[in-house]
Every structure is written in C-alpha cells, then in structure tokens.
C-alpha cells in the first residue's frame with residue numbers, strides 16, 4: 001500500500017518520479033491505520049473479512065486531521081484521485097470480478113499520470129496471485145521505464161524479478177531505454193538477454209553493461225528488424241524471430257502494415273476475428289513482446305531501429321519480437 005501511495009503522491013523530479021519523506025510516510029501510516037479502524041478492521045483475524053476502506057476514506061482522515069497536521073499537503077495531492085481530475089479509478093469500490101478464469105486489464109486509455117499506477121497495480125495483482133498459488137504463470141511487463149521512473153516502483157520490480165521463480169512465476173521485462181537497467185539488479189537476475197539493434201546513443205552503454213566484444217557491438221549496430229543478439233549462460237547467438245502473419249499483426253505497431261493487411265484480407269476469418277477483438281483499429285493497441293521462457297525464467301528489455309535485412313546465419317525461433325526493442329529473460333541467478 002505504501003508503494004502505491006508513493007507512486008501516486010510523490011512529487012515529480014527532473015529525473016522522474018520522486019519519493020515521500022519519512023514524515024509523510026509516518027503520517028500516511030497513521031492515517032491508514034485510522035481508516036481501517038473506522039471500518040472495524042484491526043489486527044484481530046476475525047475482522048479481516050470486513051470490507052476494506054476506500055481511498056476516499058483515507059482522504060477524509062487526512063482532511064479532518066485525525067492523525068495530526070499535514071504540512072506538505074498530502075491530502076491535496078490525494079484529492080485529485082478521489083474528487084478531482086484523476087478520480088474514476090479510485091473514488092469507489094472495485095467493480096471487477098477478479099476470481100474469473102481469465103482477467104484482462106487494459107491500460108490503453110489511462111492517462112500518462114495514471115499509467116504507472118495501473119502498471120503497478122496489475123503487476124502487484126499477478127505477483128500476489130502467484131505468491132498464493134502453485135499454478136505456473138508468465139508476467140510480461142512492457143514499457144518498464146514507466147514504473148522504473150519511480151524509486152519505489154523500481155524496487156518493487158527488482159524484487160519481483162529476483163523472487164518470482166520461487167513462486168512459479170516467469171517475468172519478462174521490456175523497455176526501449178537501456179539506461180534504466182544501468183544501476184538495476186534486474187540484468188544480474190536474468191538468465192537470458194535479447195539485444196536488438198542499438199543506435200549510437202545507446203550502444204556504448206549496452207556494450208559496457210553486457211561486456212560485448214567489438215564484433216558483437218558491430219552486429220548490434222546493423223541488425224535488421226526481427227534479428228537480435230541472444231545472450232544465455234555462456235552462449236551468444238545471432239538469432240532471428242519468426243512470427244506467423246497473425247502473430248505479427250498482434251505485435252506490430254506500424255499502422256501502415258495494419259492498414260495494408262486490413263485492405264487485402266477484409267472479410268477473411270482472421271480479419272473478422274481481429275476486428276472482433278478490437279485489434280484492427282486506427283491505432284495499434286499492441287506493444288508487447290511474445291516470448292517463450294520457462295516458468296522458472298524472468299526477463300528485461302532495450303531498443304533499436306529499422307534497417308535493411310541482410311543474409312546472415314541464424315537459428316529460427318518460434319516467437320515474434322517488436323520492432324525497435326531489446327529483451328532479457330531471467331531467473332537462473334539471484335537468491
């Protein structure tokens with residue numbers, strides 16, 4: 001709960017999300033206890049089946065000053081989520097059944113400010129489900145920089161990658177910004193890394209992070225779309241990812257490809273299916289990397305750019321990757 005509130009309430013800094021200071025954490029801690037007390041929930045186990053307090057209950061505690069003064073204006077920052085411009089997700093009780101066979105969370109329409117909060121909530125939900133179950137699961141975290149910009153979010157994601165394999169959870173972390181992994185524990189806890197084409201602004205950083213040879217650096221500079229340098233254990237392979245036509249459409253973010261395919265296949269079974277799933281809209285809703293690590297693996301990612309294809313020797317791998325990305329899969333190392 002404290003991690004969520006920090007992502008919601010911490011002031012932004014030039015380097016990304018900030019943090020709450022110790023006095024703010026202390027006030028929120030007291031306010032949370034008071035909000036739970038007011039709905040009859042205490043440390044006693046028999047009270048834990050009662051409905052939990054809502055975000056607006058926490059706001060009312062802060063507004064009334066029940067737990068002391070609020071010199072830094074936490075209640076004003078929280079007000080946006082319960083009565084202001086960002087209300088909607090947090091001003092009432094959850095109206096989604098989370099005990100179904102399939103649960104889909106769509107973050108597409110979330111605003112920029114709400115996106116890191118949504119990403120954290122979904123990741124935390126999957127983590128909690130895995131912690132309580134022995135059913136193997138795979139969590140794919142796309143646009144990891146959205147969460148890693150916040151210190152508390154970065155700590156949560158690092159801990160998730162490090163511990164996930166103990167609870168039948170595989171994790172794939174994807175980003176187009178290699179800098180976010182520079183001081184992170186995520187690469188060290190990854191068993192497999194997939195590096196796609198890097199431009200001049202990132203190739204030196206990636207070279208240092210993964211101790212690449214001169215030949216490997218040159219390869220990263222000229223890799224065509226769909227090819228990558230795969231690092232796993234002591235092996236380093238030049239690979240190409242092959243996708244079926246429909247898989248490619250699910251992963252691509254090139255609107256021209258989607259429009260061209262739609263015109264050529266209008267009325268086909270595949271076209272009707274993708275249209276029914278809302279995957280052939282004017283904007284592509286898919287920005288994911290489809291991978292096939294084992295449930296004991298986890299992962300991470302970085303960027304590249306388009307280039308002409310060249311005839312190079314590579315093994316064929318049966319899963320697609322997005323344009324302009326770099327990936328890592330982990331889980332063999334770490335605690």
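Numbering (the UniProt record's numbering), first residue to last: 1 to 335. We put the beta carbon where it would ideally sit given N, CA and C, even for glycine. Predicted model only: the values in this text are computed from it and were never measured.
- Residue 225 is not bridged by DSSP to any residue.
- The straight-line gap separating the alpha-carbon atoms of residue 134 and residue 168 is approximately 6 angstroms.
- Going by beta carbons, residue 93 and residue 57 fall outside the 7 angstroms limit.
- A Cβ-Cβ distance of about 6 angstroms is found for the pair residue 7 and residue 120, placing them in contact under the 8 angstroms criterion.
- Here DSSP, grouped into helix, strand and coil, assigns residue 217 to helix.
- Between the stretch 197 to 209 and the stretch 249 to 256 there are fewer than three C-beta pairs closer than 8 angstroms, too few to call the two in contact.
- Per DSSP, the beta bridge partners of residue 170 are 138.
- Judged by DSSP in its simplified three-state form, residue 160 adopts helix.
- Taking every protein chain shown into account, the CB of residue 1 has fewer than 16 other CB atoms within 10 angstroms, so this residue is exposed.
- With fewer than 16 other CB atoms across the displayed protein chains lying within 10 angstroms of its CB, residue 102 is exposed.
- Sorting 45, 51, 26, 46 by C-alpha distance to the C-alpha of residue 38 places 51 at the top.
- Under the DSSP assignment, residue 195 falls outside any alpha helix (DSSP H), being part of the beta strand (DSSP E) whose first and last residues are 192 to 195.
- For residue 5, the closest C-alpha among the options 105, 155, 98, 78 is that of 78.
- By DSSP's assignment, residue 83 forms no beta bridge with any residue.
- Between residue 140 and residue 161, the gap from beta carbon to beta carbon reaches 7 angstroms or more.
- Inter-residue distance for residue 3 and residue 215 is about 43 angstroms (C-alpha atoms, whole angstroms).
- Residue 232 has 192, 235 as its beta-bridge partners, per DSSP.
- The Cβ-Cβ distance between residue 230 and residue 239 falls below 7 angstroms.
- Rounded to whole angstroms, the Cβ separation of residue 68 and residue 27 is 6 angstroms, and the two are in contact under 8 angstroms.
- In the three-state scheme derived from DSSP, where H, G and I count as helix and E and B as strand, residue 46 is classed as helix.
- For the 7 angstroms CB-CB criterion, residue 223 and residue 203 do not form a contact.
- Boundaries of the alpha helix (DSSP H) harbouring residue 117: 115 to 131, taken from the DSSP string.
- In the three-state DSSP reduction, residue 187 falls in the helix class (H, G or I).
- One alpha carbon belongs to residue 106, the other to residue 173, and they sit about 18 angstroms apart.
- Measuring C-alpha to C-alpha distances from residue 125 to each of 145, 71, 110, 156 identifies 156 as the nearest.
- Rounded to the nearest whole angstrom, the CA to CA distance from residue 158 to residue 170 is 13 angstroms.
- Under the 10 Å beta carbon count, residue 81 is surrounded by 16 or more other beta carbons and is classified as buried.
- In the structure shown, residue 108 falls within a coil segment according to DSSP collapsed to helix, strand and coil.
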